[in-house]
Amino acid sequence: MSTDTPGIDPLEALRAPRDPACDVFLTGPVFLDIIFTGLDSAPVRGTESWARGMGSSPGGVANMATALARLGLHTSLAAAFGDDHYGEYCWDALEQGEGIDLSMSHTVPGWHSPVTVSMAYEGERTMVSHGHEAPAPAPAAGTGSRAGATGTGSRAGATGTSTAAAAPVFPQCPPRARAAIASLAPGRSEPWVATAARDGALVFGDVGWDETGRWDLDALPDLAHCEAFLPNAEEAMRYTRTDCPRAAAHALAERVPLAVVTLGAEGAYAVDGRTGTAAAVPAIEVEALDPTGAGDVFVAGFVTGTLADWPLADRLAFAGLTAALSVQEFGGSLSAPGWAEIAAWWQLIRTCDRQDPAALERYAFLDDLLPATARAWPLRRAVPTIGFRQ
10 MSTDTPGIDP LEALRAPRDP ACDVFLTGPV FLDIIFTGLD SAPVRGTESW ARGMGSSPGG
70 VANMATALAR LGLHTSLAAA FGDDHYGEYC WDALEQGEGI DLSMSHTVPG WHSPVTVSMA
130 YEGERTMVSH GHEAPAPAPA AGTGSRAGAT GTGSRAGATG TSTAAAAPVF PQCPPRARAA
190 IASLAPGRSE PWVATAARDG ALVFGDVGWD ETGRWDLDAL PDLAHCEAFL PNAEEAMRYT
250 RTDCPRAAAH ALAERVPLAV VTLGAEGAYA VDGRTGTAAA VPAIEVEALD PTGAGDVFVA
310 GFVTGTLADW PLADRLAFAG LTAALSVQEF GGSLSAPGWA EIAAWWQLIR TCDRQDPAAL
370 ERYAFLDDLL PATARAWPLR RAVPTIGFRQ
């Protein structure tokens with residue numbers, strides 16, 4: 010991440026003295042992600058494949074936490090970290106590199122960091138993960154230190170789902186926050202979600218693939234506390250027994266105030282259940298290097314727009330833009346765009362020939378957010394110290 014990113018606070022006009030210090034709270038497992046890019050095809054059994062690029066970065070819930078922090082939101086993360094070099098690297102990258110509050114996180118003695126190897130090819134990615142469930146927190150464990158332990162939620166969203174490194178244990182008193190992001194799973198209720206909602210946080214529900222095959226909304230008890238629910242098209246249709254993503258969004262809007270269905274290459278569709286307002290925004294065409302974490306970045310963009318009280322269509326457009334910018338770089342957290350990337354893209358796109366005026370108008374709201382001048386595109390991005398891309 011560049012150090013000269015414009016210091017834009019999307020909530021500046023809305024902040025008041027008695028507001029919570031935390032904008033967004035989230036919890037989940039932090040993985041060390043090792044990403045191979047530039048593969049011509051999937052690995053073939055019995056052969057050796059060479060990748061043209063690679064990188065390493067904090068992954069799992071770190072993807073979303075980083076995306077939120079880079080968009081100027083005060084982000085608090087509760088997670089367990091291994092006491093190995095991987096855990097130390099991830100802690101420092103998030104706390105020192107991204108400014109994420111880790112006061113509710115802990116390092117677990119004797120527990121090694123979960124690891125994911127992600128291989129990106131043909132616009133998709135295949136992952137192999139390894140990890141063990143984090144131990145339950147010690148009764149007298151402090152917070153914000155590299156000793157003790159905390160439980161974590163499941164890894165979900167665009168980065169895949171892994172329960173091996175997740176423990177359904179979490180401190181019952183999350184910090185007061187404007188918003189919280191919860192990973193919903195069938196048959197599991199996290200008491201902290203109800204506490205956060207009761208304390209005024211808007212809860213955004215993310216979800217992974219239902220391994221039980223039931224696809225029962227009633228099996229997601231924490232959905233009742235959610236302001237917004239953000240499944241992908243396949244998940245939304247299975248949960249609502251519909252054959253159309255838009256119909257699924259309208260059905261979900263009967264259960265939650267905001268239903269947002271991501272449509273992959275076709276963009277996203279959302280319904281405000283309170284007003285009946287619907288919005289559809291097409292995807293931005295980009296050359297994808299690595300789709301790891303794009304769904305997490307989308308959620309972060311939508312949360313930002315919601316907290317800033319933007320119109321529904323602007324929130325969708327902004328979320329789609331941030332996700333599109335992320336897939337042009339490798340890694341989940343490394344690729345999350347900040348305001349420098351957004352400003353550079355907006356400056357570039359308006360100078361390209363044969364742009365559709367209506368498409369440009371869709372993003373005109375950026376004029377009120379971005380600085381008058383921006384760095385040239387493409388930007389030179391930071392690369393991890395334990396990896397590189399050729």
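Take the position in the sequence shown, starting the count at 1, then add 9; the result is the number in our numbering. Glycine included, every Cβ here is placed at the ideal spot set by N, Cα and C.
Rounded separation between residue i and residue j - CA only
i: residue 13; j: residue 77; result: Note that residue 13 has pLDDT 44, beneath the 50 cutoff, so the model's placement of it is unreliable and the number below is only indicative. Cα to Cα, the separation comes out at about 17 Å.
i: residue 159; j: residue 347; result: With a pLDDT of only 35 at residue 159, under 50, the local geometry of the prediction cannot be trusted, and the value read off the model is given with reservation. Residue 159 and residue 347: Cα-Cα distance of roughly 29 Å.
i: residue 216; j: residue 105; result: 29 Å
i: residue 187; j: residue 350; result: 25 Å
i: residue 341; j: residue 329; result: 15 Å
i: residue 312; j: residue 199; result: 20 Å
i: residue 372; j: residue 295; result: 16 Å
i: residue 257; j: residue 122; result: 38 Å
i: residue 359; j: residue 116; result: 47 Å
i: residue 321; j: residue 291; result: 14 Å
i: residue 240; j: residue 35; result: 17 Å
i: residue 140; j: residue 54; result: 24 Å
i: residue 281; j: residue 31; result: 25 Å
i: residue 273; j: residue 113; result: 34 Å
i: residue 242; j: residue 201; result: 28 Å
i: residue 369; j: residue 288; result: 17 Å
i: residue 283; j: residue 357; result: 37 Å
i: residue 93; j: residue 377; result: 45 Å
i: residue 218; j: residue 108; result: 31 Å
Contact under 7 Å by Cβ, residue i with residue j
i: residue 39; j: residue 99; result: yes
i: residue 37; j: residue 192; result: yes
i: residue 238; j: residue 261; result: yes
i: residue 203; j: residue 189; result: no
i: residue 44; j: residue 64; result: yes
i: residue 247; j: residue 224; result: yes
i: residue 58; j: residue 42; result: no
i: residue 20; j: residue 345; result: no
i: residue 143; j: residue 89; result: yes
i: residue 84; j: residue 33; result: yes
Counterpart residues of residue i in DSSP-defined beta bridges
i: residue 89; result: 115
i: residue 67; result: 41
i: residue 190; result: 35 and 213
i: residue 278; result: 270 and 289
i: residue 237; result: 213 and 267
For residue i, three-class secondary structure by DSSP
i: residue 296; result: coil
i: residue 149; result: Model confidence at residue 149 stands at a pLDDT of 45, short of 50, so the residue's coordinates are unreliable; what they give is reported in the following sentence. Coil at residue 149, not helix or strand.
i: residue 214; result: strand
i: residue 268; result: strand
i: residue 138; result: strand
i: residue 220; result: coil
i: residue 127; result: strand
i: residue 24; result: coil
4-residue-minimum alpha helix (DSSP H) runs that sit fully inside the region 302-333, ordered along the chain: 303-316
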